[in-house]
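There are 2 protein chains.
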Amino acid sequence: MTPTRPAALLASLSLALAAFLPGHARADEGMWMPSQLPQIAAALRQAGYAGDPAALADLTAAPLNAVVRAGGGTGAFVSPDGLVLTNHHVAYGVIQYNSTPQNDLIDAGYVAADRAAELPANPDFRVLVTVGFDRVTDRVLAAARGRTGRAYHDAVDAAGKRIVAECEREPGVRCSVASMYYGTDFYRIRQLELRDVRLVYAPPRSIGNYGDEIDNFMWPRHTGDFTLLRAYVGPDGKPAAHSPQNVPYRPPSHLRVARQGPREGDFAMLAGYPGVTFRHRTAAEFAEQVEWTLPARGDVFDALIAAIEQAGRQDAQARTRYASQLQSLKNSRKRAAGELEGLRRSDAVRRRAEDERAMLEATRGGDARDIAALQRVLAAGSAVRERELLLGLLSSQTQLLRSALLLERLRIEAARPDAQRESGYQQRDLALIEGVLRQVQRRYDPAVEQALLRVLLARYQQLPEAQRLPEFDAAFGRTPAELDPALAALYRGTALGDEAARLAALEAARQARALPADPLLALAARLMPALLRLEDARKAREGEQLRLRPAYMRALVAWRQRQGGAVYPDANGTLRVSYGRLEPLHARDAVTFAPVTTVAGIVEKHTGQVPFDAPQPLLDAIARGDFGDTADPALGTQTVDFLTNLDTTGGNSGSPVLDARGELVGLNFDSNWEAVSASWWFDPRYKRAIHVDMRYMRWLMEKVYPAPHVLREMGL
Amino acid sequence: MTPTRPAALLASLSLALAAFLPGHARADEGMWMPSQLPQIAAALRQAGYAGDPAALADLTAAPLNAVVRAGGGTGAFVSPDGLVLTNHHVAYGVIQYNSTPQNDLIDAGYVAADRAAELPANPDFRVLVTVGFDRVTDRVLAAARGRTGRAYHDAVDAAGKRIVAECEREPGVRCSVASMYYGTDFYRIRQLELRDVRLVYAPPRSIGNYGDEIDNFMWPRHTGDFTLLRAYVGPDGKPAAHSPQNVPYRPPSHLRVARQGPREGDFAMLAGYPGVTFRHRTAAEFAEQVEWTLPARGDVFDALIAAIEQAGRQDAQARTRYASQLQSLKNSRKRAAGELEGLRRSDAVRRRAEDERAMLEATRGGDARDIAALQRVLAAGSAVRERELLLGLLSSQTQLLRSALLLERLRIEAARPDAQRESGYQQRDLALIEGVLRQVQRRYDPAVEQALLRVLLARYQQLPEAQRLPEFDAAFGRTPAELDPALAALYRGTALGDEAARLAALEAARQARALPADPLLALAARLMPALLRLEDARKAREGEQLRLRPAYMRALVAWRQRQGGAVYPDANGTLRVSYGRLEPLHARDAVTFAPVTTVAGIVEKHTGQVPFDAPQPLLDAIARGDFGDTADPALGTQTVDFLTNLDTTGGNSGSPVLDARGELVGLNFDSNWEAVSASWWFDPRYKRAIHVDMRYMRWLMEKVYPAPHVLREMGL
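Protein chains in written order, with our numbering: chain A, 1 to 716; chain B, 1001 to 1716.
Written out as structure tokens, the structure is:
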């Protein structure tokens, strides 16, 4: 997520740090801002941390500045020469970029024999090093204060854009503004943008992704989900595009890989970039998520999945083109089911409601009034939730309609000065838009797109009168009988299926010129006024939430204070620290999963078939039992993965896991199925995170696919 | 299984008891004959048994005479008035017999308010009380000694039949002859045949079969798989058919239900009637089972399953008629897969081979020569294994062809004096044959039967020349192209699809008269000479095995003696005792299942849909938490099922589980998936048995579906 966009602003709020009661934080739950750590120092030490919590407060200083954004996840520097450790699945695109049918590095893995053999990453892969984290609340809210609704939203949005634009004047730096505690506080984040990243070491797929979708979200796990990259900079030490002249980046600090491994009960700590959580949402939002959103999403996802599968049955090309979208829909569907199951199991709706009721009873004055106003704004949004869900999917699940809407909107925005344009349509976004328009070719089939639109628009046609839009009714009719011919005519007539046509339209749109005559572009122009009306209403609601949620957060912090607890901000893609320990999972009655797995499980799961096709060198090495000093002394064998109760969510992939001395013992790569609902509700009985044991990585690099020079570089 | 039949004779062999080294039995493995228990008394006491092992030696005296055969499983008397405790699934037919669409006792469960309300079982349901167990080895082998092959077989068979016929002259008694240690020793078993059995207490299906097929073979389990019956006798105390004048049977002893429950590590002991095991088979038989039999069975089962499912897709009536056969095939398929997986996981083939090699090196003289001869007999059987498998399925998987073969064979046998007839075709078997012929109506569809025959005969047609039978080739042709019209003609012309026609043919066959003219009956007459030839060869091989396996058993016992162990006979449907303890299951790497489940798991599994539709009164009672003295003091909640390492197999359903003091703490009802292979190889890491905790039964009968009068009768 991009923290400068309104949705991201809304996903977070900030509190005065004075609100924390040192030493009274609830252990195990919490994605703490580094700056909070000195204030919960007593709890951290009690949990077993042997270092100085104060040293963790500054995320731009060692050791936390060794933790970086890598691709879509997290990574960490593990050598003075810019070696970055992250997940195999985070670096997947890098490996894929270097693979050919003749030389499939995904299947075979890769060990660069020396620096010259390190392979360039795909050009859009980035390593981002945080170099600045500054509170800019007053600047962001200066113009917003005294305003309401849309005006409040736009003032915050404009201030954020100004701050980012000013910040990015420095070359090689990427900036963003993050809101903490849902609009309470704002921080400007400056990140060094390392663009020359290279592949150093990747295990074969059958290690790095052993178990694949079957084991996804599962514990016990036996996956070696790690890869080593290296960041390069220009000879001047500044970020630069890939070039043979570039030299390894010298990070300000790097993590030290531990020689010992962790055992059940041991302290563990993790730093990374969790994406988004909803733990501090209102009781009404919890109830809506469980009672409406998740079931409704499940229902419409099921229908979209069925439409794609139906089409794929007769048409192999359509099957191929929609394989990725289908996979993603199924994944979303599975997650929705898991989230629903987990929230019900934790009785989260009732517990949040009781908690909020007690909190509200203790809240008076202006904050109480603001919270009441917030509840009304949320209710107004709920009144149009079916329509919002369907219209959102209308562009996210289509290729040509999405392209047409994107082009028409760009045409409108391009007429304005860049700074006043909607986020996503500024100069800095044009490359991304072009990418979207280009990839259509590999993902589009007219019959499937029409089938998906039929699913969505037939549901739209059943909305109550108050949610109908005249522009949509005119375009698609009011009955399924009118819908089919309307869609057929649109897709028969459009030229947007052709890449050249889309790129020609992009050229016109970016110059704010009239778009070519095309039925789908004409449709986008007819629908746009309706979409802009809805966007205006949405932004007005979002502005109100941004204005009012801080009152809710103040009340919550005060309430937690009385209970002796501290409050961390909901996740928003910024660097956070979590601490806890290696802990078994009592997943169900009489079922206990130990927190450490061993190579015996690789052999047990091995079938010889993907995804349980452990490579022969690995099986041989296991059979030899030659584990040396990477074996666990108590278990007497080689460990593979381990489990902690650390607080993580999407975005934490690749987060380094540290022991009590701050040494690197693991690499986060997944969480368990029972924890899918933790984005809303942290249930200590079930929330676990899954990590690669660094001893497994070391053993693979020592004995199975040796890379002694890389181990030496890491000091091993 | 009926122990008097040749197959059963072959399934067991017997050893001189002097061969056992007291106190050196391997703990946990073993289905001991009660008479062996005094000789392993030290091991029993060391395992924790507090009673006197000598008191367990006589299975016709207390406490073991409280353990009975009930229906297809085991049961136990639990009151002085003939109350029999067994599994819900063992008594399922009894409950079903009393159910109507209007009053479905399977769904609702049943609590007889008083004795008058106890409902009669289906008339063929039996409770068998063992009253005699006498060694008859010399009588059985007298005429066989000095003979070989078919003659040896027939002499043993004839002697067994004579003993049974003589024994059954006493009214109300059912007799059989069991062979121990594969023909080494023979025992005559006399059992009181209690024919008036009534239903006293059954929980609803959603308790008694909670989880059904999904949880079958699974641990953790949450099933209340128990039912209480009562045995009645005539006013004279003798077995009698159902009559209102009958009175409760007063058993010679009954088991006392414990007030305490067991905990992890506690001693446990079980008595019951395990059906068949193969633990003492030769290394070659182990190898054949893993390398050929299980894969081949899996393969042909898959083809039969596909044929039924294909037919069912177009025809709802065929689907209904073959539902039970399909279910049974799938179950066999699943078991074959589980057995294969388990034997491979335990490396049983290699370990058995190494064990046998060492044993043979230590074996000399006549026994060594007999064992070599046994290996040759087994190899001769292996040479025709494909044909034996296919021809066996030809009658077990068909309805009309099986009927025709049954009728033709009966016609032949009926011409002989009853005592000389083949087992299964004697006077005492006629009711069973009639039952088989009558049930065809509900289970037959001509298209499906032809599809199944096509699967089997097409495979027959691919057999090598040496295994071909001229009669079969003439009847079905030598290619699939000839097969289809042959089958079509047979099924177009036959009248055996009509029940009256089958019963008319039965009337003719039992009088040894010519059968009616019918294409299928004519086919049976043409095939019969071939089948009788094969039977003759099979019986000759079986006779040789019966003659030679005792040498193998002697060598094995001597070998175990040197290792300090004792040998129990392979299971053969006779009463056995196993002892061990409550033990967790480490099923896979990092996965541990605790040995006791609680009511929390019922709620976790509850979906409201069959088979996880816990009844509301149960859910309410769990929510109330009103467990009283049936709760486990350490767990602080109500337990449901528990897990032991007791040695069990099919037939042990309903076996009582006793604690160290000999009190009833559980009721065996299943084993775990990992233990399916235990019929061949006992792997202490994985072999577990699953039991209902008697505290759960008591709690249900106290608080959920109360039956205080029944509890009082049990002394609770």
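Don't be surprised by glycine CBs; every beta carbon is placed ideally from N, CA and C.
Under the three-state DSSP convention, the category residue i falls into
i: Leu646(A); result: coil
i: Leu21(A); result: Because the pLDDT at Leu21(A) is just 31, under 50, the model does not fix this residue reliably, and the value given afterwards should be weighed accordingly. Coil at Leu21(A), not helix or strand.
i: Arg1198(B); result: strand
i: Thr1060(B); result: coil
i: Ala368(A); result: helix
i: His1254(B); result: coil
i: Arg313(A); result: helix
i: Pro1120(B); result: strand
i: Ser1328(B); result: helix
i: Trp699(A); result: helix
i: Trp32(A); result: strand
i: His724(A); result: Past the edges of chain A, shown from 1 to 716, lies residue 724(A), and the structure says nothing about it.
i: Val1136(B); result: coil
Minimum Cβ-Cβ distance from residue i to chain A less than 8 Å
i: Ala1600(B); result: yes
i: Arg1588(B); result: yes
i: Glu1291(B); result: no
i: Pro1220(B); result: yes
i: Glu1604(B); result: yes
i: Val1591(B); result: yes
Residue i at chain B interface by Cβ criterion, 8 Å
i: Gly23(A); result: Residue placement at Gly23(A) cannot be trusted, given a pLDDT of 30 that sits under 50; the coordinates are not used to answer.
i: Ala594(A); result: yes
i: Val657(A); result: no
i: Glu583(A); result: no
i: Thr597(A); result: yes
i: Arg26(A); result: The predicted position of Arg26(A) is uncertain, since its pLDDT is 44 and thus under 50; a value taken from the coordinates is nonetheless stated next. It does not: the Cβ of Arg26(A) has no partner Cβ on chain B nearer than 8 Å.
Among the options, the one whose alpha carbon lies nearest that of residue i
i: Asn1209(B); options: Ala1091(B), Ala1414(B) and Pro1080(B); result: Ala1091(B)
i: Val1665(B); options: Leu1085(B), Val1094(B), Tyr1152(B) and Leu1437(B); result: Leu1085(B)
i: Gln439(A); options: Leu503(A), Leu453(A), Asn652(A) and Met31(A); result: Leu503(A)
i: Phe278(A); options: Met31(A), Phe77(A) and Leu532(A); result: Met31(A)
i: Ile371(A); options: Glu544(A), Met714(A) and Arg411(A); result: Glu544(A)
i: Ala1348(B); options: Gln1289(B), Leu1400(B), Gly1365(B) and Gln1327(B); result: Gln1289(B)
i: Thr479(A); options: His709(A), Arg174(A) and Leu456(A); result: Leu456(A)
i: Asp684(A); options: Pro706(A), Gly636(A) and Pro584(A); result: Here residue 684(A) turns out to be Pro, not Asp, going by the sequence shown. The residue with the shortest Cα to Cα distance from Pro684(A) is Pro584(A).
i: Leu1523(B); options: Arg1174(B), Arg1541(B), Leu1406(B) and Gly1365(B); result: Leu1406(B)
i: Pro1516(B); options: Ala1505(B), Gln1102(B) and Phe1226(B); result: Ala1505(B)
i: Glu386(A); options: Arg459(A), His254(A) and Thr644(A); result: Arg459(A)
i: Leu483(A); options: Arg454(A), Ala509(A), Tyr491(A) and Gln317(A); result: Arg454(A)
i: Pro1123(B); options: Asp1315(B), Pro1063(B) and Leu1199(B); result: Leu1199(B)
Assumed close pair residue i, residue j - CB separation to whole angstroms, cut-off 8 Å
i: Ala1050(B); j: Arg1661(B); result: 5 Å
i: Ile1308(B); j: Arg1333(B); result: With 8 Å as the limit, Ile1308(B) and Arg1333(B) do not qualify as a contact, their Cβ atoms being about 12 Å apart.
i: Gly1573(B); j: Gly1275(B); result: 5 Å
i: Glu1029(B); j: Phe1642(B); result: Actually they are not in contact, since the Cβ atoms of Glu1029(B) and Phe1642(B) sit about 20 Å apart, beyond 8 Å.
i: Val1173(B); j: Val1164(B); result: Not quite, the Cβ-Cβ distance comes to about 10 Å (not below 8 Å), so this is no contact.
i: His1691(B); j: Thr1644(B); result: 7 Å
is_contact[residue i, chain D] using C-beta, thresh 8 Å
i: Pro63(A); result: Of the protein chains in this structure, namely A and B, none is chain D.
ask   = Going along the chain, which unbroken runs of the alpha helix (DSSP H) with 4 or more residues stay wholly within the segment 590-644 of chain A?
value = 599-605 and 616-624
query = Enumerated in chain order, which unbroken segments of the beta strand (DSSP E) with a length of 3 residues or greater are wholly contained in the segment 1646-1684 of chain B?
reply = 1656-1658 and 1664-1671
request  = Could you tell me which uninterrupted beta strand (DSSP E) segments, each at least 3 residues in length, are contained entirely in the segment 1209-1254 of chain B, listed from first to last along the chain?
outcome  = Segments of the beta strand (DSSP E) lying fully in the segment 1209-1254 of chain B: 1227-1233.
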